[in-house]
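Below: one structure, written as structure tokens.
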Amino acid sequence: MDLRCTNCQQPIDDTMAYCEACGSRITLPPPTSEATVETQNLDIDEIIAAASMPPTPVKTNEAIETIFPPASAPETTQIAETPSVPPKEEKKKQRKPLPIALVLSYTLITVLLVSIVGIFTLLWSALPSPQKTLDSINSAFEQQNHQTFYDAFIKPSPMIATPEHFFETFVDEWPLLSLQLQAAIDEEKEFAVLQNAAGEDIVEMNITSTYGLSNMSLRYLPVDITLIAPLQYETIVIGDTELFSIYAKEIFNIYAVPGTYDMTLSHKNRTATVPITLQAAGTYTADFPVGDEQ
23 MDLRCTNCQQ PIDDTMAYCE ACGSRITLPP PTSEATVETQ NLDIDEIIAA ASMPPTPVKT
83 NEAIETIFPP ASAPETTQIA ETPSVPPKEE KKKQRKPLPI ALVLSYTLIT VLLVSIVGIF
143 TLLWSALPSP QKTLDSINSA FEQQNHQTFY DAFIKPSPMI ATPEHFFETF VDEWPLLSLQ
203 LQAAIDEEKE FAVLQNAAGE DIVEMNITST YGLSNMSLRY LPVDITLIAP LQYETIVIGD
263 TELFSIYAKE IFNIYAVPGT YDMTLSHKNR TATVPITLQA AGTYTADFPV GDEQ
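Here the working numbering is used: the first residue of the sequence shown is 23, the next is one more, and so on.
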């Protein structure tokens with residue numbers, strides 16, 4: 023094939039990298055150019071004969087395979103599939119039944135704890151307090167429980183009184199006294215003197231505290247009575263109070279709730295019951311009825 027330099031048109035061959043005449047870099051034509059060059063060297067008769075021949079049919083797939091050989095598939099490393107292992111079923115742990123002794127122990131401990139809590143609750147609710155004392159007295163008064171109302175007060179001794187007389191003394195006075203008590207408790211007073219409607223001192227209130235616990239006491243202020251026994255060895259019984267004279271005209275200093283009482287007198291073989299009215303402080307004589315003197 024006749025090859026020439028494209029710059030100076032001097033003959034070159036395919037082994038030369040640079041033209042010896044001009045020094046230009048030689049770039050060889052692609053292979054198709056060789057076919058073209060070879061075609062130019064053919065004779066005219068050969069060209070006509072080649073043109074008159076029918077084209078050889080070529081299958082498309084074969085042509086593609088001839089021109090472009092099938093690309094080999096990339097080698098892949100086949101990983102052997104490991105058989106799936108079914109998940110291991112966890113065995114349910116079977117709970118062992120608790121021993122009967124342990125169950126009984128738990129039950130006993132629970133019962134004991136509940137009992138202890140209940141006992142402490144009852145003890146706490148039973149602890150005294152000024153407000154609880156006042157509420158209890160108010161309840162006894164509303165229910166007309168004479169004995170409970172009577173026992174709620176501290177009384178000096180000896181004292182002439184009965185629960186009925188004591189309650190009657192407070193029938194008209196207690197609502198006012200209760201208000202005075204409530205005010206004293208709210209003001210946290212430790213001592214107070216309560217007065218009736220007439221302005222007379224009738225009850226003393228004392229509040230004491232021990233180990234943080236408060237307790238209220240009410241002391242009744244009775245009437246001071248001087249009672250004279252005119253006879254020697256005379257027995258005088260008024261209510262729950264019993265007096266005995268060692269000598270004639272003996273004087274007894276006692277206390278009393280205002281009211282009228284049955285007084286029983288005994289001297290030797292005589293016995294008599296007479297009424298006596300102890301309405302205010304003063305001196306009274308335990309005389310037998312007229313006509314019954316010895």
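Beta carbons: idealized from backbone N, C-alpha and C, even for Gly.
Asked                                                                                                                         : Found
Beta-carbon contacts of Glu-60 that lie in its chain and below 6 Å, excluding the five residues immediately before and after  : In this prediction, Glu-60 scores a pLDDT of 45, lower than 50, which makes its location untrustworthy; the coordinate-derived value is nonetheless stated afterwards. Cβ within range, chain order: n/a, list empty.
Simplified DSSP state of Thr-191, which is helix, strand or coil                                                              : helix
Where Phe-213 sits in the DSSP three-state scheme                                                                             : strand
Residue span of the beta strand (DSSP E) that contains Ser-236, given as start and end                                        : 235-242
contact_flag[the stretch 256-271, the stretch 181-195] where n(CB pairs < 8 Å) is 3 or more                                   : yes
Alpha-carbon spacing of Cys-44 relative to Arg-26, whole angstroms                                                            : 12 Å
Pairwise C-alpha distance: Thr-232 and Leu-240                                                                                : 17 Å
Backbone CA spacing between Lys-154 and Leu-199 [nearest angstrom]                                                            : 16 Å
Among Gln-166, Asp-309, Thr-132, the one whose alpha carbon lies nearest that of Ala-270                                      : Asp-309
Assigned exposure category for Ile-176 - 16 Cβ within 10 Å defines buried                                                     : exposed
Tyr-277 and Pro-244 closer than 7 Å at C-beta                                                                                 : yes
Sub-7 Å separation of Val-259 and His-187 beta-carbons                                                                        : no
Pro-297 beta carbon less than 7 Å from that of Ile-207                                                                        : no
Pairwise C-alpha distance: Thr-305 and Ala-213                                                                                : In the sequence under discussion, the amino acid at residue 213 is Phe, which differs from the Ala named in the question. Roughly 31 Å between the two C-alpha positions.
Paired residues, beta bridge with Leu-25 - DSSP                                                                               : Ile-34
Chain-order list of residues whose beta-carbon lies under 6 Å from that of Phe-189 (same chain, five-residue window excluded) : His-168, Phe-171
Three-way DSSP call (helix, strand, coil) for Val-296 in this model                                                           : strand
Minimum C-alpha distance to Asn-218 - residue among Arg-117, Leu-203, Asn-228, Thr-299                                        : Leu-203
Residue range of the unbroken beta strand (DSSP E) whose run includes Ile-250                                                 : 245-251
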